[in-house]
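In what follows, a single structure is set out as structure tokens and then discussed.
Numbering (the numbering used here), first residue to last: -8 to 182.
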């Protein structure tokens, strides 16, 4: 998606260690026009799939997930990182590493929001190692629902997240709106 690539090239910052700062686009400030364009593009890439629900992880996945859900007219569920007192009953719990926090984080979804037999599209901000997407996909499988694909705003292909997904049994359609092939020497190289 060229508009996204242009914004990454203009505003993205390579902080080293594979960390890309795109706070002015996605992770702190949200450009609603660009976000809706991303939702339209993501929905178009999954045309032909029956999608009942979208699953994402808080917080940076929520914007693109809502934009995609709006276009597809389906509900969006996000995995919480901390269990609120209002979350009662059974939950699906997975852990995944946070690249920016440097620790493993919990991902929790109340069982009432993932239904058996539904087709679930996973949306997230980044595809890097693939471990967050795999954790979300495991939740979908635990709910006896069907993970039909994953859409990511930005993929860092040099971190092999796609291969990780396949090695862990998730051989479904994965779409990325922008792909970064290298972040060596302080650069950001877009595909």
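Virtual Cβ for every residue (Gly too), placed ideally from N, Cα, C. Fair warning: this is a prediction, and the values are worked out from it, not measured in the lab.
Whole-angstrom distance between residue j and residue i, CA atom to CA atom
i           : j           : result
residue 58  : residue 25  : 10 Å
residue 73  : residue 120 : 22 Å
residue 77  : residue 109 : 24 Å
residue 155 : residue 88  : 14 Å
residue 149 : residue 8   : 12 Å
residue -8  : residue 32  : 8 Å
residue 2   : residue 23  : 16 Å
Integer Cβ distance of residue i from residue j, believed to fall under 8 Å
i           : j           : result
residue 169 : residue -4  : 5 Å
residue 47  : residue 67  : 7 Å
residue 133 : residue 83  : 5 Å
residue 16  : residue 179 : Not really, about 13 Å apart at Cβ, beyond 8 Å.
residue 144 : residue 55  : 5 Å
residue 114 : residue 52  : 6 Å
Unbroken alpha helix (DSSP H) run spanning residue i, endpoints
i           : result
residue 128 : 122 to 133
residue 154 : 152 to 158
residue -1  : -7 to 2
residue 99  : Unbroken run through residue 99 is the beta strand (DSSP E), 94 to 101; no alpha helix (DSSP H).
residue 25  : 23 to 36
Beta-carbon gap between residue i and residue j smaller than 9 Å
i           : j           : result
residue 20  : residue -6  : no
residue 44  : residue 112 : yes
residue 70  : residue 99  : yes
residue 65  : residue 50  : no
residue 117 : residue 139 : no
residue 136 : residue 106 : yes
residue 130 : residue 11  : no
Run of the beta strand (DSSP E) containing residue i, from where it starts to where it stops
i           : result
residue 77  : Premise fails: residue 77 is in no beta strand (DSSP E) and is neither H nor E.
residue 140 : 137 to 147
residue 118 : 110 to 118
residue 170 : 164 to 173
residue 68  : 67 to 70
residue 57  : From DSSP, residue 57 is part of no beta strand (DSSP E) but of the alpha helix (DSSP H) over 53 to 63.
residue 88  : 82 to 89
residue 182 : No beta strand (DSSP E) contains residue 182, which DSSP labels as neither H nor E.
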